[in-house]
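See structure below.
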Amino acid sequence: MKRILIFTIFNFYFFSYAQNLNLRNQISEGIELPQKLNKNDIAIIYEINGGWSAYDYLSYYFVDENEKVKSYSEERPKSYLKNEKLKKSIKEIELTQEKKEKIIQLIESKKLSDLLKYNQEDFKIKVNENLPPPCYISDVNGYKLTFVQNNKQNTYDYYAPKYMYEKCPHKTINKTMLKKFIVVLDLF
Numbered sequence: 004m005k006r007i008l009i010f011t012i013f014n015f016y017f018f019s020y021a022q023n024l025n026l027r028n029q030i031s032e033g034i035e036l037p038q039k040l041n042k043n044d045i046a047i048i049y050e051i052n053g054g055w056s057a058y059d060y061l062s063y064y065f066v067d068e069n070e071k072v073k074s075y076s077e078e079r080p081k082s083y084l085k086n087e088k089l090k091k092s093i094k095e096i097e098l099t100q101e102k103k104e105k106i107i108q109l110i111e112s113k114k115l116s117d118l119l120k121y122n123q124e125d126f127k128i129k130v131n132e133n134l135p136p137p138c139y140i141s142d143v144n145g146y147k148l149t150f151v152q153n154n155k156q157n158t159y160d161y162y163a164p165k166y167m168y169e170k171c172p173h174k175t176i177n178k179t180m181l182k183k184f185i186v187v188l189d190l191f
C-alpha cells in the first residue's frame, strides 16, 4: 500500500512538472492563435519562413491538461509582398496518434526544458572584436518556435540553423544553444 501511495504521488508530481514550461516573457502583441488557451494549456507555434515561397507556413499545436492535442495549419503571405491575391488561410488538421504522442513527448522532454532555459539573445556570443557578419546563405528556410502557456511565451528564431551549425565557423554563433534548437526542431 505504501508503494502505491508513493508511486501515485511521484506520478502526480512528474505530470504536474512536465506540463509547466516555466516560460518567462510576456506574450507579444502580434501573436494570434486560432483557438483560445485555458489556464495551463500549452500552445506551440512551429513556423517555417524565408525561402522562395510567397508564404510562411505555421503549424499550431495545442495541448490541454488532459494531454488532448489539437492542431492547425496556416499559410500566411510574406508581409513584404504586396500581391492582394495572396490570402492567409488556416485550417484545423487531424493529427495521427503517433504525431500527438510526439507532441506530448516533446513537451515532456529534457531536450525542450534545456532549450527553454535560453533566450533568443543567447544565440549570439558577444565578442570584443569588430567582426564581419556571420556566413551568408540565401533562399533557405528560417525556423521559429514559440511556446505559450499562462500568458507567457518563449520564442526562438534562426535562419538556416543546420547550415549555420554545420558550415559556419563564425565566433559569434553560440553553437551549444543552436544545437539545442536543432535537436528540438528535429523532434517534430
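Start counting at 1 in the sequence shown, then tack on 3, and there's your number in the numbering used here.
From the three backbone atoms N, C-alpha and C, an ideal C-beta is built for every residue, glycine too.
Straight-line Cα distance separating residue j from residue i
| i | j | result |
| --- | --- | --- |
| K178 | F126 | 8 Å |
| L181 | N43 | 28 Å |
| Y105 | R27 | What sits at residue 105 in the sequence shown is Lys, not Tyr. Roughly 24 Å separates the two Cα atoms. |
| W55 | D142 | 6 Å |
| V187 | I128 | 21 Å |
| Q38 | I140 | 36 Å |
| D189 | E124 | 21 Å |
| P136 | F150 | 29 Å |
| K71 | N25 | 20 Å |
| S116 | K88 | 41 Å |
| I107 | E132 | 43 Å |
| G53 | K165 | 15 Å |
| S112 | K81 | 32 Å |
Beta-carbon separation (whole angstroms), residue i vs residue j, contact threshold 8 Å
| i | j | result |
| --- | --- | --- |
| Y75 | I93 | 6 Å |
| I30 | N154 | 6 Å |
| E77 | K91 | 7 Å |
| K183 | L109 | Between L109 and K183 the Cβ distance is about 13 Å, and since that is not below 8 Å, they are no contact. |
| L134 | K170 | No, L134 and K170 are not in contact; Cβ-Cβ is about 17 Å, not under 8 Å. |
| L61 | I48 | 6 Å |
Residues near residue i in its chain [Cβ-Cβ closer than 8 Å; skip 5 each side]
| i | result |
| --- | --- |
| Y16 | Note that Y16 scores 43 on pLDDT, short of 50, meaning its location in the model is unreliable; the coordinates nonetheless yield the value given after this. Counting only Cβ-Cβ distances below 8 Å, and skipping sequence neighbours, we find nothing. |
| L84 | A57 |
Terminal residues of the alpha helix (DSSP H) in which residue i lies
| i | result |
| --- | --- |
| D189 | K178 to D189 |
| K165 | P164 to K170 |
N-terminal and C-terminal residue of the beta strand (DSSP E) that residue i is part of
| i | result |
| --- | --- |
| F126 | It is not in any beta strand (DSSP E) - F126 carries neither H nor E in the DSSP assignment. |
| K148 | For the sequence presented, residue 148 should be read as Leu rather than Lys. Per DSSP, L148 belongs to the beta strand (DSSP E) from N144 to Q152. |
Other residues of its chain near residue i: CB distance less than 6 Å, five sequence neighbours each side excluded
| i | result |
| --- | --- |
| E68 | N43 |
| Q152 | L24, L26 and I45 |
| K114 | V186 and V187 |
| K147 | E50 and D160 |
| Y20 | Unreliable placement is indicated for Y20, whose pLDDT of 36 sits below 50; the coordinate value is still reported in the next sentence. Excluding positions up to five away in sequence, the list is empty. |
Spatial neighbours of residue i in its chain, beta-carbon cut-off 7 Å, leaving aside the 5 residues before and after
| i | result |
| --- | --- |
| L98 | V72 and S74 |
| N157 | L26, R27, N28, L119 and F150 |
*Note down, one range per segment and in chain order, each beta strand (DSSP E) of at least 3 residues found wholly within the region 37-115.*
Listed in chain order, the complete beta strand (DSSP E) runs (minimum 3 residues) inside the region 37-115 are 45-53, 58-66, 72-80 and 92-96.
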